[in-house]
Amino acid sequence: DPGIYLMENGENLHELMTEKEIEKVLELAEVHSMHRDAALTMKPWLLAMIFDLPKPQSPFTQDVMLYSMAQSQGMEVLGLEDTKEHFESLDSFSREEQLTMLRAVLKRTQKEKEKDFEALLKAYLTGDTAKIGLLDDDITGGMLPKALWEKMRVKLLDERNVRMAERIVGEANQNPVFIAVGASHLAGKGGLLERLRAAGYKISKIE
Numbered sequence: 117d118p119g120i121y122l123m124e125n126g127e128n129l130h131e132l133m134t135e136k137e138i139e140k141v142l143e144l145a146e147v148h149s150m151h152r153d154a155a156l157t158m159k160p161w162l163l164a165m166i167f168d169l170p171k172p173q174s175p176f177t178q179d180v181m182l183y184s185m186a187q188s189q190g191m192e193v194l195g196l197e198d199t200k201e202h203f204e205s206l207d208s209f210s211r212e213e214q215l216t217m218l219r220a221v222l223k224r225t226q227k228e229k230e231k232d233f234e235a236l237l238k239a240y241l242t243g244d245t246a247k248i249g250l251l252d253d254d255i256t257g258g259m260l261p262k263a264l265w266e267k268m269r270v271k272l273l274d275e276r277n278v279r280m281a282e283r284i285v286g287e288a289n290q291n292p293v294f295i296a297v298g299a300s301h302l303a304g305k306g307g308l309l310e311r312l313r314a315a316g317y318k319i320s321k322i323e
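Number 323 marks the last residue of the sequence shown (the numbering used here); no jumps.
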């Protein structure tokens, strides 16, 4: 349902942001190959998530590539959560909180995004999940009010990790599985790795 991506009641960012902010939104929409009308009516938290990424190097995200590879090999593909569950996690934020997220992202430069992305990638490739957690606090936590970042971490990571871990264990107890998640879900005591260890699984890094 395309409606889940859009603000309610036909709202438009023109009603919520300054003209200077709108110019930046449209500039980033072009960078991310997004239609102008979609950018101006999309939920602010979703725009913030998209715009916080560096300029795409390919029209295909890693999610899409993994999904296509699995399909080509005849593998069954299951989601750890459905779209409704995923969106409910951040739809719970007020409109002002969402706009705060978006405004924070609009202030970041492409160079800053690339630098942060490389740091996260390096931490992931070296298996340093503690570093991933620290980078999340430094990057995202550093550009948002503390209370908003704490709420965002709970809604975006902690609560979803509980649900994801339960579903991973439920499936892995029956079949061999390959799991793909964002790196931030791996970090910390409430992260997926620790939750899987607590469920009795042995965790090892593949070189």
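Even for Gly, the Cβ is constructed at its ideal location relative to N, Cα and C. Treat the numbers as computed from the prediction; the structure is a model and nothing was measured.
Within the same chain, show all residues whose beta-carbon is closer than 7 Å to that of Ser295, passing over the 5 residues directly before and after it, in chain order.
The sequence shown places Ile at residue 295, rather than the Ser named in the question. Same-chain partners within the cutoff: Ile284.
Helix, strand or coil at Leu182 [DSSP, three-state]
Three-state DSSP puts Leu182 in a helix.
Out of Arg279, Glu282, Met217, Leu272, state which residue places its alpha-carbon closest to the alpha-carbon of Lys159.
Considering only alpha carbons, the answer is Met217.
Buried or exposed by the 16-neighbour rule on C-beta atoms within 10 Å, applied to Asp153
Exposed, because fewer than 16 other Cβ atoms sit within 10 Å of the Cβ of Asp153.
Who are the near neighbours of Glu213 in its chain, counting only those whose CB is closer than 7 Å to its CB and skipping five residues on each side?
Counting only Cβ-Cβ distances below 7 Å, and skipping sequence neighbours, we find Leu264.
Counted within 10 angstroms of its Cβ, other Cβ atoms place Met268 as buried (16 or more) or exposed:
Answer is buried; the Cβ neighbour count reaches 16.
With a cut-off of 8 Å on the beta carbons, I'd call Val221 and Ala281 a contact; round off their distance for me.
Contact flag wrong, Cβ pair sits at about 29 Å.
Just tell me which of Gly195, Ala288, Leu250, Arg219 has its CA closest to the CA of Ile166.
Residue Arg219 is the option with its Cα nearest to Ile166.
DSSP three-state assignment for Met158, whether helix, strand or coil:
Strand, per DSSP.
Alpha helix (DSSP H) segment containing Ala239, residue limits
Residues 226 to 241.
List in chain order: all unbroken alpha helix (DSSP H) runs of 4+ residues lying wholly within the region 239 to 310.
Segments of the alpha helix (DSSP H) lying fully in the region 239 to 310: 245 to 259, 262 to 269, 275 to 288.
Is Leu222 helix, strand or coil by DSSP?
In the three-state scheme derived from DSSP, where H, G and I count as helix and E and B as strand, Leu222 is classed as helix.
What number of angstroms, rounded off, separates the C-alpha of Tyr317 from the C-alpha of Asn289?
Distance between the alpha carbons of Tyr317 and Asn289 is about 10 Å.
Delimiting residues of the alpha helix (DSSP H) encompassing His151
His151 -> no alpha helix (DSSP H), and no H or E assigned at all.
How many angstroms separate the CA atom of Lys262 from the CA atom of Ile322?
Each residue's alpha carbon lies about 35 Å from the other.
By a C-beta neighbour count over all protein chains shown, 10 Å radius and 16 as the cutoff for buried, is Thr134 buried or exposed?
The residue in question, Thr134, is exposed, as its Cβ has fewer than 16 Cβ neighbours within 10 Å.
Separation of Met259 from Thr225, as counted between CA atoms:
Cα-Cα distance, rounded: 13 Å.
Validate contact between the region 297 to 312 and the region 242 to 258 using beta carbons, cut 8 Å, 3 pairs:
Output reads yes: the region 242 to 258 touches the region 297 to 312.
Quick check: what's the CA-CA separation for Glu197 versus Ser205?
Straight-line Cα distance between these residues: approximately 11 Å.
Once the 5 residues before and after Leu309 are set aside, which same chain residues still bring their CB inside 7 Å of it?
Once the five neighbours on either side are set aside, the close Cβ partners of Leu309 are Thr245, Leu302, Ile319.
Write down the C-beta distance between Leu142 and Ala155 rounded to the nearest angstrom, noting that I regard them as a contact closer than 8 Å.
Between Ala155 and Leu142 the Cβ distance is about 7 Å, and since that is below 8 Å, they are a contact.
If you draw a straight line from the alpha carbon of Gly298 to that of Glu287, how long is it in whole angstroms?
In this model, Gly298 and Glu287 are separated by some 19 Å (Cα to Cα).
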